[in-house]
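Sequential numbering from 1 applies to the sequence shown in UniProt numbering.
No residue lacks a Cβ here, since even glycine has one placed at the ideal position from N, Cα and C.
Taking it in order: structure first as structure tokens, then the write-up.
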Amino acid sequence: MRRISISYRLFSWFNYTFLGVTSLLCILPMVHILAVSFSGKAPASANLVGLWPIDFTVDAYAKTLGNNNFLSALWIAVERTALGTVISMALIFLTAYPLSKEDYTFKGRTAYAWFFVFTMLFSGGMVPLYILVQKLHLMNTIWALVLPTAINVWLLILMLNFFRTVPKELEEAALIDGASHFRTMVSVFLPISLPAIATLSLFNMVFHWNSWFDGLLYMTEYDRYPLATFLQTIIVQQDFSKVNVRPEDLENIAQRTVKAAQIFIGALPILLVYPFLQRYFVKGIVLGAVKE
1 MRRISISYRL
11 FSWFNYTFLG
21 VTSLLCILPM
31 VHILAVSFSG
41 KAPASANLVG
51 LWPIDFTVDA
61 YAKTLGNNNF
71 LSALWIAVER
81 TALGTVISMA
91 LIFLTAYPLS
101 KEDYTFKGRT
111 AYAWFFVFTM
121 LFSGGMVPLY
131 ILVQKLHLMN
141 TIWALVLPTA
151 INVWLLILML
161 NFFRTVPKEL
171 EEAALIDGAS
181 HFRTMVSVFL
191 PISLPAIATL
201 SLFNMVFHWN
211 SWFDGLLYMT
221 EYDRYPLATF
231 LQTIIVQQDF
241 SKVNVRPEDL
251 ENIAQRTVKA
261 AQIFIGALPI
271 LLVYPFLQRY
281 FVKGIVLGAV
291 KE
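Shown next as structure tokens:
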């Protein structure tokens with residue numbers, strides 16, 4: 001029977017305690033936001049709500065879901081997340097595959113790889129990027145939110161490293177059978193890479209869903225804001241006139257409650273998707289085709 005030392009027990013206890021406290025620090029703010037969103041005007045305005053609603057009401061959700069500006073921002077966020085994730089993953093996959101080959105197979109591979117790393121370390125800056133988007137007539141379009149961030153070099157490096165863990169025998173067998181590189185990429189590498197694709201897709205989805213600054217930068221029309229920019233604007237500027245809510249509509253609802261409802265509805269899609277893709281986080285990046 002294996003004997004567990006005291007130091008190992010202390011180390012395990014510390015780990016469990018640290019992870020438990022960290023988890024609570026992540027979960028409790030969302031529980032508080034949810035409680036505020038279901039609370040009445042008086043306790044929410046007086047900041048009396050903790051982790052449980054007081055004077056339970058769903059008026060804030062009814063008001064939020066009946067707000068056309070909020071629904072428009074929500075739709076733009078969904079459109080941006082779906083389009084941005086598909087475009088980004090397609091470009092990352094097509095770029096990482098040739099870069100994962102040896103120098104004798106793809107001459108100049110190292111130069112291309114260092115070019116991508118250089119762009120990650122030294123960007124052109126916000127002003128040149130803004131001028132570029134403006135000159136390309138992408139302002140106030142969904143493409144201004146999607147194309148400038150189409151390739152994330154860090155995610156490209158993760159995918160490239162994943163491809164390098166795929167046994168060369170699989171690729172050599174496909175090439176010997178007469179498959180081209182494109183056929184090998186689609187028929188061999190793509191099925192094997194599904195866990196990695198799922199993991200990196202989640203990273204992309206979270207990035208696009210939570211990005212607010214580029215919406216503020218490239219969208220000059222208020223009704224073109226994605227949800228993250230919309231929420232950031234009303235929370236920081238504290239101006240409910242921009243969300244198409246009349247003062248008389250808020251007689252029985254606190255602004256704080258409406259904001260909490262909008263924040264929770266905005267976070268809900270990622271909270272629902274995350275558990276289904278979280279299990280790919282480790283094996284999607286580390287493991288290859290050969291299981292030992």
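If you follow the alpha helix (DSSP H) that Val188 is part of, which residue opens it and which one closes it?
According to the DSSP assignment, Val188 belongs to no alpha helix (DSSP H), since it is labelled neither H nor E.
When Phe163, Val166, Met120, Leu158 are compared against Thr149, the one with the closest alpha-carbon:
Comparing Cα positions, the closest option is Met120.
Through-space distance from Leu24 to Leu10, alpha-carbon basis
Near 21 Å, if we compare the C-alpha coordinates of Leu24 and Leu10.
Contacts around Val49, its chain only, beta-carbon distance under 8 Å, and the 5 residues preceding and following it disregarded:
Excluding positions up to five away in sequence, the list reads His32, Ala35, Val36, Ser39, Pro43.
Check Trp75 in the structure and name its three-state DSSP category.
Looking at Trp75 - three-state DSSP - the assignment turns out to be helix.
Taking the straight line between their C-alpha atoms, what separation do you get for Leu158 and Leu268?
Cα to Cα, the separation comes out at about 27 Å.
Whole alpha helix (DSSP H) elements within the segment 100 to 135, 4-residue minimum:
Those alpha helix (DSSP H) runs which fall completely within the segment 100 to 135 and span 4+ residues are 109 to 121, 126 to 135.
Quick one: using the 10 Å Cβ neighbour count with 16 as the cut-off for buried, is Asn140 buried or exposed?
It counts as exposed.
Whose C-beta lies closer than 6 Å to the C-beta of Val188 among residues of the same chain, with five residues either side of it excluded?
Excluding positions up to five away in sequence, the list reads Leu170, Ala174.
Taking the alpha helix (DSSP H) that Trp143 falls in, what are its first and last residues?
Per DSSP, Trp143 belongs to the alpha helix (DSSP H) from 143 to 146.
Pairwise C-alpha distance: Ala82 and Val186:
Rounded to the nearest angstrom, the two C-alpha atoms are 22 Å apart.
Expressed to the nearest angstrom, what Euclidean distance is found between the alpha-carbon atoms of Val86 and Asp59?
Their Cα atoms are separated by approximately 36 Å.
When DSSP labels each residue in this structure, what does Pro43 get in the three-state scheme?
Assigned with DSSP and collapsed to three states, Pro43 falls in helix.
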